[in-house]
Structures are given as structure tokens and as C-alpha cells.
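A.B. asks:
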Amino acid sequence: MRGVHTVAVVLEIAQLYPGPLAGRLLKEWGFRVVKVEPPGGDPLRRLSPTLYQRLNEGKEVVYLDLRLAEDRGRVLDLAKAARAVLTSFRRGTAERLGISYEAVKEVNSDVFYIALVGYREVDLPGHDINFAGLAGLIAEKPTIPQCVDVASGLMAAFAVAAAVAAGRRGYVEIPMENVAYMLNLLNFAALRDLGALPLDGRYPFYNVYRCASGLVALGAVEEKFWRRFCDVIGREDLKERMYDPTAVDEVRREVERRVCGELISAAERLEVPLSPVRDIVEASGRLPPLGELFSGRTHPGQRIKAHSPYEIMSRSDKELVEALNRQLNYELRNAYLYLSMAAYFDGLSLGGFAHFFKVQANEELKHALRFYNHLVERGWKVELYDIPKPKSGWGSVLEAVEDFYNAEVENTKRIWELVDLAKAKGDKATESFLKWFVDEQVEEEKLAAELLAKVKLAKDSPAALLTLDNLLAQRKE
């Protein structure tokens, strides 16, 4: 079984609220979340920059246009390395964009695919208010909190975490309509058992009351708490009227003449569940730290140690990461070498050769950045080594070009060794990444071999060498 600490990549192809919330929760609990956004970004960036930042902080964001075949291929490449894929598209949209479970399963048969969709039976657009309305959560106007959005994000995050822990794979669909019904589960049960809703404010023990300086919420569901509350307001005669609707007005009259702070302090002393009711502005000023919101609180004095993705890798992963880092540094070493060759040829007044090797040095830097970006995209640590001082003098033009050819032959060998290692580790994403280098090295080695052959032909002819120098000056950057 692959545990969360060895393969903890979640590919999030989701926008707006529920899906990104699930991704943020998973990120806080140690998953590496790679989020795919359209070229213009998640629409939430414009609707609420604050919420966008809170939901997506710490994720790796990749901008891709799923309408383009090339970018769809890139998404599937990312899916190869994912333990879970999280989407929030309608079923038909996911199929049309080529990111359905069937498409992802073709490249990663071990994936757990969680699809946040709208309705159970139909494939239509919808938002929190629509699903809340179906499930009896709203009456004549929208509620302030988007409960269905939040609960759907929580459900999706739980499903991914549980699936990874249990080693599950396959497809699971979470209709937000179902989540809305789940939010009302207690009330549906009450209707069946009691024929009424005991927590809708009809009874005095569960209600909102106005006091002299604001509002308070009473949640004395257990009889012991109701009795204590009656002691707080000095109405022992109400202790037996917990389920008497006519007692609501009596409690209201008792509470409205009291100062809220004094009433709450008295309730705290007797451990009664009474709390102030804050408006949205006041509540926003008391928002807990985001890390605490998304990952909970640790025991006072304790902290959960945060491990870097590199620290929590398996030994097998570390071997591949170390090999990728060695190759990154080898590309930098070659860039250093080829720049030294350019300086050598400039010293010989062979500007064409110098230009050729400056371009080649720049190519190696680009190669190094490809390795750098791949490591970062995978959440792996980039290691830059000390680069030895390169050779700076050669006995002849031929000797310098022979070193160039040998360096490219060695590079080809190293790339193939990396391919074999990626295959042995079953890392399809790295294997796919290296295909570009396999093709590139065919061209690079051919380029070096052709230059070596031409230099050998021209080695005894200064005129031929100058002609070759003029040709090399035409190499495009």
C-alpha cells in the first residue's frame, strides 16, 4: 500500500470554493497539492482575492488551457504522478475536456479520482443556494454561510485522505445535492421520530434571545443545562417547562432586561451553553489563524513537526531525486565548460566558434532549468553542488571540440541511466519528462559529431578552419 508520506500528490482541477477548500485542507495535512488553473486564473481571483489566497496558499499552481490538446496532455502527465485527482466539473464537461476518470485511468490505473458534481441525477449547473433549497436548508432568502460549499469541500478532503490511508483507487462521485441533504440529516430524523423540529426555535431551551446590549444564543439541549440556565435567570419555576413553547416569551422577558456580558459571565460560572451572537463584521475581526482553521490546534506546548517533502520520501524516491539533482548539476557543469570553450576561442580570434559555444552554454542552462522545474513541480528538494573550475586551455581546436563531443556522449549515457531508473521506480511522470531529453540528446550528439568531423577535415587548413568559423557564427540562439 502506498501511504500518504510516500506518494502524497493530489492533482486539483477545480475552481471557486468547494474543490479548492478540499485541496487546502489536504495541503495543510501533508499532501502536496498541484492545482490546475485556466490561463486567466481561477475566477475566484477576481470575485474574492482574499478567499482565493486563503484557499490556495501553498499550492503549486499550473496554468493550462484544457481546450488545447497539448495542455490536456500536460494534465495527464501530472496525473501520472498523482495519488488522487480532485475535480469540480460537471460530468459532461470533464469528459469533453478529456479529464474524466476514464481518461486519467488510462495513464494511472492506481489513481483515486474524486469528482465534486452538482446534482445526483442531472448534469446541470448549480451553486450552494440551489442545493440548499432542494434539501430544505433555506426558506425565503439565502442564508449567510455557504454551508453546502464548505461541507462539500470537507467531504471531498475526507474522502481523499481516507482513500489514500486505505490504499483505495477508483472513482467516487460526491454530488453537492447529497451533501446538502446530509446537513439536514438530524432534522429529517426528528420529523420521522417526533413529527416536529425541536431545534427550530419553538422551544425555550434552543433559541436566540435579545438582551440589553445585544443577542445571545442558548443551546441547552441536555436537561441539566436547561435547569442551570433557569438558575442563571432566577426562574426555577421554568425547569419543568423545557418543552413548553409558551415559555419562550417568558424567557425572552427575563433576558431582555439583563446586560449580555453579565448574563454570559453568570452562565459560564454554571457551565451553561450560552454565547454571544456576533454580526458578520464583528465575527470577521475574530477570525482564528488560517492554519488553525484548516488543520486544527495542537496540544498547548506541542507542535506538529512540519517535514519537507524531501524528508518524508521513501528511500526509493530519494534515490531518484538524488539522480535528478546530479543531472541538473551536470547540465550546469557543461554550461560552465562550454562558456570556458567560448572564452578560449575568443582568445584565438575565432568568433564563430566562440558564438557557437556561447549558444551551447545557454542550451545547457535551459536544460538545467527543466530539471529544476520538474523537481519543484514534484515537491522535491533542489540541490545545487559546487561546480569545479572548468578546463580553460586546449592544445588545439580539435582537442576542444573532442571534449565537447565526449561531454555530449557522456550526457546521453546519463540521460538513459535516468530513464532506466525512473522505469525501475515506476515513476511514470519522470519517465515522461525524460522523453524530451532522450530526443534532445540525439540532436545534441549529432551536432557534436558533425562539428568534430568538420574540424578533423579542416585541421591542417587554416583557410578551411576560417570558413568553418564563419559558418558557426550563423548559429541561431
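The numbering of the sequence shown is the UniProt record's numbering, which starts it at 1 and goes up by one. Even for Gly, the Cβ is constructed at its ideal location relative to N, Cα and C. All values derive from a computational prediction rather than experimental measurement.
Measuring alpha carbon to alpha carbon, tell me which of 330, 369, 401 and 255 ends up nearest residue 207.
C.D. replies: The option with the nearest alpha carbon to residue 207 is 255.
A.B. asks: Ignore the nearest five residues each way along the sequence and tell me which others in residue 17's own chain have a CB closer than 6 angstroms to its CB.
C.D. replies: Around residue 17: 149.
A.B. asks: According to DSSP, simplified to helix, strand and coil, what is residue 35?
C.D. replies: Three-state DSSP puts residue 35 in a strand.
A.B. asks: Unbroken beta strand (DSSP E) runs of length 3 or more, entirely within the region 204-230: which are they?
C.D. replies: 206-211 and 214-219, all fully within the region 204-230.
A.B. asks: Once you ignore the five residues that flank residue 341 on each side, which residues in its own chain have a CB closer than 7 angstroms to its CB?
C.D. replies: Same-chain partners within the cutoff: 357, 400 and 404.
A.B. asks: Start and end of the beta strand (DSSP E) containing residue 134?
C.D. replies: Residue 134 -> not in any beta strand (DSSP E); alpha helix (DSSP H) instead, spanning 128-134.
A.B. asks: Quick one: grab the DSSP three-state call for residue 275.
C.D. replies: Three-state result, residue 275: strand.
A.B. asks: DSSP on residue 170, reduced to helix/strand/coil?
C.D. replies: Of the three classes helix, strand and coil, the one that applies to residue 170 here is strand, per DSSP.
A.B. asks: Take the Cβ of residue 94 as the centre, count every other Cβ of all protein chains shown within 10 Å, and call the residue buried at 16 or more, exposed below.
C.D. replies: Residue 94 is buried by the Cβ-count criterion.
A.B. asks: For residue 253, tell me which candidate among 267, 240 and 234 has the shortest Cα-Cα distance.
C.D. replies: Of the listed residues, the one whose Cα sits closest to residue 253 is 234.
A.B. asks: Which residue comes first and which comes last in the beta strand (DSSP E) that contains residue 87?
C.D. replies: Unbroken beta strand (DSSP E) run through residue 87: 84-87.
A.B. asks: At which residues does the alpha helix (DSSP H) containing residue 255 begin and terminate?
C.D. replies: Per DSSP, residue 255 belongs to the alpha helix (DSSP H) from 247-256.
A.B. asks: On the three-state DSSP scale, how would you describe residue 138?
C.D. replies: In the structure shown, residue 138 sits in coil (DSSP, three-state: anything other than H, G, I, E or B).
A.B. asks: Residue range of the alpha helix (DSSP H) that residue 463 falls in?
C.D. replies: Where residue 463 is concerned, the enclosing alpha helix (DSSP H) stretches over 462-472.
A.B. asks: Could you please give the first and the last residue of the uninterrupted beta strand (DSSP E) stretch that includes residue 107?
C.D. replies: Segment 101-107 is the alpha helix (DSSP H) holding residue 107; no beta strand (DSSP E) there.
A.B. asks: Can you tell me the Cβ-Cβ gap for residue 146 and residue 88, rounded? I've got them flagged as a contact below 8 angstroms.
C.D. replies: With 8 angstroms as the limit, residue 146 and residue 88 do not qualify as a contact, their Cβ atoms being about 14 angstroms apart.
A.B. asks: Work out the CA separation of residue 91 and residue 175 for me, nearest whole Å.
C.D. replies: Near 11 angstroms, if we compare the C-alpha coordinates of residue 91 and residue 175.
A.B. asks: Can you give me the Cβ contacts of residue 390 inside the same chain, cut-off strictly under 6 angstroms, excluding the 5 residues immediately before and after it?
C.D. replies: For residue 390, where only same-chain residues beyond five positions count, the Cβ hits under 6 angstroms are 336, 337 and 340.
A.B. asks: Give the secondary structure of residue 236 by DSSP, where H, G and I count as helix, E and B as strand, and everything else as coil.
C.D. replies: Looking at residue 236 - three-state DSSP - the assignment turns out to be helix.
A.B. asks: For residue 37, tell me which candidate among 50, 29 and 11 has the shortest Cα-Cα distance.
C.D. replies: Residue 37 has its Cα closest to that of 11, out of 50, 29 and 11.
A.B. asks: Sort out for me which residues DSSP pairs residue 113 with in a bridge.
C.D. replies: Answer is 85 and 171.
A.B. asks: Taking Cβ positions, are residue 33 and residue 59 nearer each other than 7 angstroms?
C.D. replies: Taking 7 angstroms as the Cβ cut-off, residue 33 and residue 59 qualify as a contacting pair.
A.B. asks: Could you tell me if residue 436 is buried or exposed, where buried requires 16 or more neighbouring beta carbons within 10 angstroms of its beta carbon?
C.D. replies: Exposed, since its Cβ has fewer than 16 Cβ neighbours within 10 Å.
A.B. asks: Quick check on residue 458: does DSSP put it in helix, strand or coil?
C.D. replies: Helix.
A.B. asks: Looking only at its chain, what residues have a beta carbon closer than 6 angstroms to the beta carbon of residue 451, apart from the 5 residues adjacent to it on each side?
C.D. replies: Excluding sequence neighbours, residue 451 sits near 401.
A.B. asks: Under the rule that 16 or more other beta-carbon atoms within 10 Å means buried, what is residue 385, buried or exposed?
C.D. replies: Exposed is the call here.
A.B. asks: With burial defined as no fewer than 16 other Cβ atoms inside 10 Å of the residue's Cβ, what is the status of residue 247: buried or exposed?
C.D. replies: Label assigned to residue 247: buried.
A.B. asks: If the criterion is Cβ atoms closer than 7 angstroms, does the pair residue 101 and residue 119 meet it?
C.D. replies: Against a cut-off of 7 angstroms, the Cβ pair of residue 119 and residue 101 comes out as no contact.
A.B. asks: Helix, strand or coil: which one does DSSP assign to residue 144?
C.D. replies: In the structure shown, residue 144 sits in coil (DSSP, three-state: anything other than H, G, I, E or B).
A.B. asks: So, do the region 321-331 and the region 403-418 have three or more beta carbon pairs nearer to each other than 8 angstroms?
C.D. replies: Yes, since at least three Cβ pairs between the region 321-331 and the region 403-418 fall closer than 8 angstroms, the two stretches touch.
A.B. asks: Could you pull the start and end residues of the alpha helix (DSSP H) that residue 324 belongs to?
C.D. replies: Here the alpha helix (DSSP H) through residue 324 covers 315-347.
A.B. asks: For residue 329, which residues in the same chain have their Cβ closer than 6 angstroms to its Cβ, ignoring the five residues on either side in sequence?
C.D. replies: Excluding positions up to five away in sequence, the list reads 385.
A.B. asks: How many Å lie between residue 439 and residue 121 at the Cα?
C.D. replies: Residue 439 and residue 121: Cα-Cα distance of roughly 48 angstroms.
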